[in-house]
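Student: Once you've had a glance at the structure underneath, I'll fire off some questions.
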Amino acid sequence: MTMDGERFITSTKIQLDSELDLTLRPKTLSEYIGQDKVKKNLAVYIDAAKGRGESLDHVLLYGPPGLGKTTIAHIIANEMGADIKVVSGPALSSMLDIVSILTGIEEGDILFIDEIHRVNKTVEEALYSAMEDFTLDIVQGKGPGARTIKLPINHFTLVGATTRTGMLTGPMRDRFGVICRLELYSKSELSTIIHRSAGILRVQIDNDACEELAIRSRGTPRIANRMLKRVRDFAQVLGDGRITLELTDKALDMIGVDKLGLDENDRTVLEALTVKFKGKPVGLDTLSAATNEDAGTIEDVIEPYLIQLGFISRTPRGRMAMPLAYEHLGLIPPDEN
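So for the sequence shown, our numbering puts the first residue at 1; every next one is plus one.
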């Protein structure tokens, strides 16, 4: 938890992220740290499109929350010299919503749809012709007298972001010419990001403190920047403003983030699997009810990192705690009792 009650580890953006985005977000591909394969490919596609005087092909960005999908969308707009319109998938609930956006879009503009897997079915079908033919099919009238009018729109680039590619329909996924998978960041990449962010925030940070923050950031820049800003507060109030290793450890312990980057919610899930269910397989809905945590948050935010650490395993019968989870919690695995 942050000091104001907001969680560091969450799939949704919090107020802290909006403040950080304005100052810390890189503006170009050269400033962007990490995701080297994605950057190299996008650089080629952008240069080629600009060389032909065309709009960039539609781009799908997918991966865990907090890896920079929104940042890349803004970078694409900057590199293409285009304006960007940002909208959330759930906000597109009717045909009128998408028509008003696309009829007002200028030639070459970028339309960024976050959580595109949650777009309304009617809106998704309208996007098919918009992405492929740059037209909107408008139905006039009702019943036997109804007729369809094809309304031309300006050429644009749709950039979609999702944490769940499996929830995208085949026809939607096939209309993206560029599909990029974002990976979790390495410790060295996160250290570089934290150093860069500290410089922008005008705060001094020791190298070992920077590495400690990187280790506890779960491979995610968004979490790293959240932690940096909160640790900066502790350094200002409890120290001389400089972020040291000792102060970083103290601050993160007070916030409730342990040495591996697990927070109270992660430990609650692990304790449910190891203690409450005694190591037996547990279904997602049962685990959600037992921990009072949203099933989507468990699946999208908590599980991926715990699986990466080797703490839990997904089996056909449900989620199971692995020996490393017991070791981390200081417990004895059931087969050793």
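Don't be surprised by glycine CBs; every beta carbon is placed ideally from N, CA and C.
Does the segment 227–240 come close enough to the segment 209–218 that 3 or more CB-CB pairs lie under 8 Å?
Tutor: The answer is yes - the segment 227–240 touches the segment 209–218, with three or more Cβ pairs under 8 Å.
Student: Can you list, in chain order, the residues of its chain with a C-beta nearer than 6 Å to that of A73? Leave out the 5 residues immediately preceding and following it.
Tutor: Position 73 of the sequence shown, counting from 1, holds the residue named residue 73. Correct list, in chain order: F112 and V159.
Student: Within the segment 116–194, note down every full alpha helix (DSSP H) run reaching 4 residues or more, in order along the chain.
Tutor: The qualifying runs are 121–132 and 170–174.
Student: Take G34 and list the residues in its own chain whose beta-carbon comes closer than 7 Å to its own, dropping the five residues that flank it on each side.
Tutor: In the sequence shown, residue 34 corresponds to position 34, counting from 1. Y185 and E189, listed in sequence order.
Student: Quick check on this structure: which residue in A325, P281 and S93 has the alpha carbon closest to the alpha carbon of L270?
Tutor: Against the sequence shown, residue 270 aligns to sequence position 270. The shortest C-alpha separation from L270 is found at A325.
Student: Check for me: the alpha helix (DSSP H) holding G305 runs from which residue to which?
Tutor: In the sequence shown, the residue the question calls residue 305 occupies position 305. Here the sequence assigns Tyr to residue 305, which means Gly is not the residue at that position. That run of the alpha helix (DSSP H) goes E303 to Q308.
Student: Would you kindly work out how many angstroms separate the C-alpha atoms of R319 and Y128, rounded to a whole number?
Tutor: Taking the sequence shown and counting its residues from 1, the one referred to as residue 319 is at position 319. Taking the sequence shown and counting its residues from 1, the one referred to as residue 128 is at position 128. If you take the alpha carbons of R319 and Y128, they lie about 37 Å apart.
Student: Consult DSSP for D114 and reduce its assignment to one of helix, strand or coil.
Tutor: Taking the sequence shown and counting its residues from 1, the one referred to as residue 114 is at position 114. Strand.
Student: Would E327 be called buried (16 or more neighbouring beta carbons within 10 Å of its own) or exposed?
Tutor: Taking the sequence shown and counting its residues from 1, one reaches residue 327 at position 327. Exposed, because fewer than 16 other Cβ atoms sit within 10 Å of the Cβ of E327.
Student: Since N120 and S93 are thought to touch, with beta carbons under 8 Å apart, how far apart are those beta carbons, to the nearest angstrom?
Tutor: The residue given as residue 120 occupies position 120 in the sequence shown. The residue given as residue 93 occupies position 93 in the sequence shown. The Cβ separation is near 5 Å, so the contact holds.
Student: Beta carbon of S239, beta carbon of H58: below 7 Å?
Tutor: Here residue 239 refers to the residue found at position 239 of the sequence shown. Here residue 58 refers to the residue found at position 58 of the sequence shown. For clarity, residue 239 is Gly in the given sequence; the question names Ser instead. No, these two residues do not count as a Cβ contact at 7 Å.
Student: Can you name, in chain order, every residue of its own chain whose Cβ lies under 7 Å from the Cβ of A290, other than the five neighbours on each side?
Tutor: For the purposes of this step, residue 290 is identified with residue 290 of the sequence shown, where counting begins at 1. Around A290: A272 and K276.
Student: Does the count of Cβ pairs from the segment 73–86 and the segment 25–32 closer than 8 Å reach three?
Tutor: Yes: the two stretches touch, three or more of their Cβ pairs being nearer than 8 Å.
Student: Check G5 in the structure and name its three-state DSSP category.
Tutor: To locate residue 5, count along the sequence shown from 1; it is residue 5. Here G5 scores only 45 on pLDDT, less than 50, and its place in the model should not be relied on; the value that follows carries that caveat. Coil at G5, not helix or strand.
Student: Expressed to the nearest angstrom, what Euclidean distance is found between the alpha-carbon atoms of I298 and V86?
Tutor: Translated into the one-based positions of the sequence shown, residue 298 becomes position 298. Translated into the one-based positions of the sequence shown, residue 86 becomes position 86. Whole-angstrom Cα-Cα distance: 27 Å.
Student: Looking at the structure shown, is R226 part of a helix, part of a strand, or coil, going by DSSP?
Tutor: Here residue 226 corresponds to residue number 226 of the sequence shown, with the count starting at 1. Helix, per DSSP.
Student: Do you know how far the Cα of R181 is from the Cα of N154?
Tutor: Along the sequence shown, one-based indexing puts residue 154 at 154. Along the sequence shown, one-based indexing puts residue 181 at 181. Taking the straight line from one Cα to the other gives about 28 Å.
Student: Just the C-alpha distance for L306 and D266, rounded to the nearest angstrom, thanks.
Tutor: Within the sequence shown, numbered from 1, the residue matching residue 306 stands at position 306. Within the sequence shown, numbered from 1, the residue matching residue 266 stands at position 266. The straight-line gap from Cα to Cα measures roughly 8 Å.
Student: Starting from the Cα of S197, find the closest Cα among I243, K259 and T274 and give me that residue.
Tutor: For this step, residue 197 is matched to residue 197 along the sequence shown. The residue with the shortest Cα to Cα distance from S197 is I243.
Student: Just the C-alpha distance for G283 and T165, rounded to the nearest angstrom, thanks.
Tutor: Start at 1 with the first residue of the sequence shown, and residue 283 comes out as number 283. Start at 1 with the first residue of the sequence shown, and residue 165 comes out as number 165. Distance between the alpha carbons of G283 and T165 is about 22 Å.
Student: Using DSSP bridges, identify the partner residues of I84.
Tutor: Counting from 1 along the sequence shown, the entry for residue 84 is found at position 84. According to DSSP, which records beta bridges pairwise, I84 is partnered with I110.
Student: Which residue spans inside the segment 36–86 form an unbroken alpha helix (DSSP H) run of at least 4?
Tutor: List check, alpha helix (DSSP H) in window: 36–52 and 69–80.
Student: State the start and end residues of the unbroken beta strand (DSSP E) segment that holds A321.
Tutor: The residue labelled residue 321 in the question sits at position 321 within the sequence shown. Start and end: G318 to A321.
Student: Between K69 and L60, what straight-line distance do the alpha-carbon atoms span, to the nearest angstrom?
Tutor: Here residue 69 is taken as the residue at index 69 of the sequence shown, counted from 1. Here residue 60 is taken as the residue at index 60 of the sequence shown, counted from 1. Each residue's Cα considered, the two are about 9 Å apart.
Student: With distances taken Cα to Cα, identify the nearest neighbour of R222 among T71, A49, E31 and E106.
Tutor: Sequence index remark: in the sequence shown, residue 222 carries index 222 (1-based). Here the closest residue by C-alpha is T71.
Student: Which residues in the same chain have their Cβ closer than 6 Å to the Cβ of T192, if we skip the five residues on either side of it in sequence?
Tutor: Indexing the sequence shown from 1 puts residue 192 at position 192. Taken in chain order, the residues that qualify are I33.
Student: Less than 8 Å between the CB atoms is what I'm expecting for P334 and G279, so what's the real figure, rounded?
Tutor: Counting from one through the sequence shown, the residue named residue 334 turns up at place 334. Counting from one through the sequence shown, the residue named residue 279 turns up at place 279. Yes, they are in contact, since the Cβ atoms of P334 and G279 sit about 4 Å apart, within 8 Å.
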